[in-house]
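Chemist:
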Amino acid sequence: LTVDNAADMAVLKKISTPVEAVTDDLRALMDDMLETMYDAPGIGLAAVQIGEPIRVIVMDLAREGEEPAPRYFVNPEILSRSEEVLGYEEGCLSVPEYFDEVERPSKVTIRYMNYQGETVVEEAEGLYAVCIQHEMDHLEGVLFIDHLSRLRRDRAITKVKKARRAA
Ligand SMILES: O=C(O)C[C@@H](Cc1ccccc1)[C@H](O)SCc1ccccc1
Ligand SMILES: [Zn+2]
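The opening residue of the sequence shown carries number 2 in the numbering used here; numbering runs sequentially from there.
1. Any heavy atom of ligand 1 closer than 8 Å to the beta-carbon of P42?
2. For A63, which residues of its own chain have a beta-carbon under 8 Å away from its beta-carbon, when the five flanking residues on both sides are left out?
3. Return the residue from the list L140, T159, V96 that minimises the CA-CA distance to A48.
4. Identify the continuous alpha helix (DSSP H) that holds L62 and give its terminal residues.
5. Taking the Cβ atom as the reference point for each residue, do Y113 and P77 lie within a distance shorter than 9 Å?
6. Under the criterion of a Cβ to heavy atom distance below 8 Å, does F145 qualify as lining ligand 1?
7. Measuring CA to CA, which of R153, Y116, S150, L144 is closest to M10?
8. Going by DSSP in three states, A125 sits in which element: helix, strand or coil?
9. Does the pairing of the segment 88-108 with the segment 123-140 give three or more beta-carbon distances under 8 Å?
10. With a threshold of 16 other CB atoms inside 10 Å of the CB of A167, please say whether the residue is buried or exposed.
11. Determine the contact status of M34 and V75, defining contact as a CB-CB distance below 9 Å.
Right, here's the structure in full:
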């Protein structure tokens, strides 16, 4: 799942397109995404990260040893953000080996369609808020390193380039 060539980087910068409807085919794609995410391992994954630039995200915040708690987000939107921000040490499956602190609103209200295609409005906080915002950035072609200062972003890109050459 790592970005193993410049083409992937180009896909990652795309703006993902909305989904028409939650069909059996889409549910099959989301199940595949969840498997890819568990294998990475990760706690969230946007469809663009497996080369499908559509507005679909999967997530599972369950910890080791807990029951899996898969979540599916189709055409998610952020309806409101808290003033309060939360710093969190983020990484990204598409930017291997680089971690850095990113500040994001600590609470967000989101609207999305779930696995059954029903519309849900929900408030996210804590790791759920961090992860959904990280994933929704992917749908806009934004990577967590884009929130960093130029110096730290350049350091991250250099590191990813080295990691790619080494791979
Ligand atoms: O690259 C991705 O989108 C998946 C990330 C999502 C994520 C990044 C930072 C903070 C929260 C979520 C992967 O899940 S990175 C792996 C990970 C695992 C546990 C906690 C945080 C990140
Ligand atoms: Zn990511």
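Ideal Cβ positions, reconstructed from N, Cα and C, are used throughout, including at glycine. Predicted model only: the values in this text are computed from it and were never measured.
Modeler: Let's see:
1. If you number the sequence shown from 1, residue 42 lands on position 41. P42 Cβ: within cutoff of ligand 1.
2. Your numbering for residue 63 matches position 62 in the sequence shown. Hits under 8 Å: P69, A70.
3. The residue labelled residue 48 in the question sits at position 47 within the sequence shown. Selected option, being the one with the closest Cα: L140.
4. Along the sequence shown, read from residue 1 onward, the residue named residue 62 stands at position 61. It is not in any alpha helix (DSSP H) - L62 carries neither H nor E in the DSSP assignment.
5. Numbered from 1 along the sequence shown, position 112 holds the residue referred to as residue 113. Numbered from 1 along the sequence shown, position 76 holds the residue referred to as residue 77. Yes, they are a contact pair.
6. Residue mapping note: residue 145 aligns to position 144 of the sequence shown, counting from 1. Yes - ligand 1 has a heavy atom lying nearer than 8 Å to the Cβ of F145.
7. Here residue 10 refers to the residue found at position 9 when the sequence shown is read from its first residue. Closest by alpha carbon: L144.
8. Mapped onto the sequence shown, residue 125 falls at position 124. Three-state result, A125: strand.
9. yes
10. If you number the sequence shown from 1, residue 167 lands on position 166. By the 10 Å Cβ count, A167 comes out exposed.
11. As a working mapping, residue 34 is identified with position 33 in the sequence shown. As a working mapping, residue 75 is identified with position 74 in the sequence shown. Their beta carbons are not under 9 Å apart, which means M34 does not touch V75 by this criterion.
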